[in-house]
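Novice: I have a structure here, written as C-alpha cells, and I will follow up with some questions on it.
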Amino acid sequence: MSATVSFQVPTAHGPKDVTVSYARVGHGAPLVLLHGIGHHRQAWDPVVDILATERDVITVDLPGFGASPALPGDLAYDLPTTNTVLGALFEALELDRPHIAGNSLGGLLALELGREKRVRSVTALSPAGFWTEAERRYAFAVLLAMRGIAQRLPLPLVERLSRSAAGRTALTSTIYSRPARRAPEAVVAETLALVGATGFDATLRAGTAVRFTDDLPGLPVTVAWGTQDRLLLRRQGIRAKQMIPHARLVRLPGCGHCPMNDDPALVARVILDGSR
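Sequential numbering from 1 applies to the sequence shown in UniProt numbering.
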C-alpha cells in the first residue's frame, strides 16, 4: 500500500515540512530501497515481492521524484540535505538503523547513510560517485538526453511504443539490458516519472562535484554492478572495491544499470545476502 508521511527538517530559516511518498510491505528486518535520479520507487517492483518474504520492505520516492513533492525552496538537493531528510524520514517511520539498498543515485545515498552510521548494512547497485570526471560528464549527458527525449514524446506515442518489445527497447535500453522484459505500463509510468521529476535538474547540478571517497569500517557493504551497465561503466565497481576494501563486490551477469528488472531473482538474492 502506498502512503505519505510528513515531517520537519531543520533549515537556516527554521524547520520546514517535507512530505515523502512510500510503500511498505512484508515482514522481517526493515529494508529501505532508494531509486536513481529521474526514476521512482516502482523501479523496485520486480524484486519487492521476493524481498518481502524475508524483510519489511520500504520503497521510497525521493523528494522531487515519483509521487513525492519537491523539497521546500530553502532546501538543496545536495548530499548533506538529502542525508538529513532521509534521517528524518527514518525517525518518522520509526526505523532504527534499517538495512538499505539503493540503485545509482540511491546507491550513493545508501553509502552516505552508511558513512553516517544511520543504517545496519548497505547494498549499492551501480552506485554513483565512483566515476572519473570524463565518466561523470558522459553519464550526465546521457541522463539529460534521456530526459529531453522523454519530455518531447507525446504520451500517446509513449503508450504506443510501450506495446512492442522494439518500442520498449527504444525507450529504456539505456538503463535495462533486457528492456523487452519490462511491462508496457511500467515503461509508460517511468517515462512520465522522468518527465515530471521536479528534483532532476537540481540533483544533477549538485552531483557535478560528487565523489565517494570514504571507507565504511565495521559496516556490511555490498557493491553490485551489471556487466552490461551502459550508464555507469562496470570498471567503476573496481574503484568502489578499492575505496571500501572489505566490501563484497558482486558481478551481475547480463544486467544493465537498473538490474532489478533484468534479473530479479539474482538481485533479490544479493540484497538479502547483504542485509543479514
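Don't be surprised by glycine CBs; every beta carbon is placed ideally from N, CA and C. Predicted model, so just to flag it, every value in this text is computed and none were measured.
Roughly how far, in whole angstroms, is the beta-carbon of Val18 from the beta-carbon of Thr4, given that I think they are within contact range, below 8 Å?
Specialist: Actually they are not in contact, since the Cβ atoms of Val18 and Thr4 sit about 11 Å apart, beyond 8 Å.
Novice: Pick out whichever of Ala128, Ala186 and Pro98 has its Cα sitting closest to the Cα of Leu219.
Specialist: Pro98
Novice: Would you check if the distance between the CB atom of Met147 and the CB atom of Phe200 is smaller than 8 Å?
Specialist: With the sequence shown as reference, residue 147 is identified as Arg, and Met is not the correct amino acid for it. Their beta carbons are under 8 Å apart, which means Arg147 touches Phe200 by this criterion.
Novice: Let's test the definition: count the other Cβ atoms within 10 Å of the Cβ of His13 and tell me whether it reaches 16, buried, or not, exposed.
Specialist: Burial call: exposed.
Novice: Count the other CB atoms, across all protein chains shown, that sit within 10 Å of the CB of Met260; report buried if there are 16 or more and exposed otherwise.
Specialist: It counts as buried.
Novice: Counting Cβ pairs, one atom from each stretch, are 3 or more of them under 8 Å apart for the region 51-66 and the region 90-107?
Specialist: yes
Novice: Where does the unbroken beta strand (DSSP E) through Gly226 begin, and where does it stop?
Specialist: Val221 to Gly226
Novice: May I ask which residues mark the beginning and end of the alpha helix (DSSP H) holding Lys241?
Specialist: Arg235 to Met243
Novice: Taking the C-alpha atoms as reference points, what is the distance between Ala67 and His40?
Specialist: When rounded, the distance between both Cα atoms is 8 Å.
Novice: Alpha carbon to alpha carbon, how far is Ala150 from Leu194? Give it in angstroms, no decimals.
Specialist: 7 Å
Novice: Between which two residues does the alpha helix (DSSP H) holding Ser162 run?
Specialist: Leu155 to Ser162
Novice: In terms of DSSP beta bridges, what is Gln8 paired with?
Specialist: Asp17
Novice: Spatial neighbours of Arg230 within its chain, please: CB distance less than 7 Å, with the 5 preceding and 5 following residues excluded, ordered by chain position.
Specialist: When the five nearest sequence neighbours on each side are left out, the beta carbons in the same chain lying within less than 7 Å of the beta carbon of Arg230 are those of Thr174, Gly256 and His257, in order along the chain.
Novice: Among Asp78, Leu171 and Asp74, which has the Cα closest to the Cα of Leu157?
Specialist: Leu171
Novice: When you compare only the Cα positions, how much space is there between Gly226 and Leu232?
Specialist: One C-alpha to the other measures close to 9 Å.
Novice: Tell me whether the beta-carbon of Gln228 lies closer than 8 Å to the beta-carbon of Ser177.
Specialist: yes
Novice: Can you tell me which of Leu216, Ala124 and Pro245 puts its alpha carbon nearest to the alpha carbon of Glu116?
Specialist: Leu216
Novice: Kindly indicate which residue of Leu71, Arg120 and Arg163 has the alpha-carbon position closest to the one of Ala202.
Specialist: Leu71
Novice: Measuring only the C-alpha atoms, how far is Arg152 from Gly28?
Specialist: 43 Å
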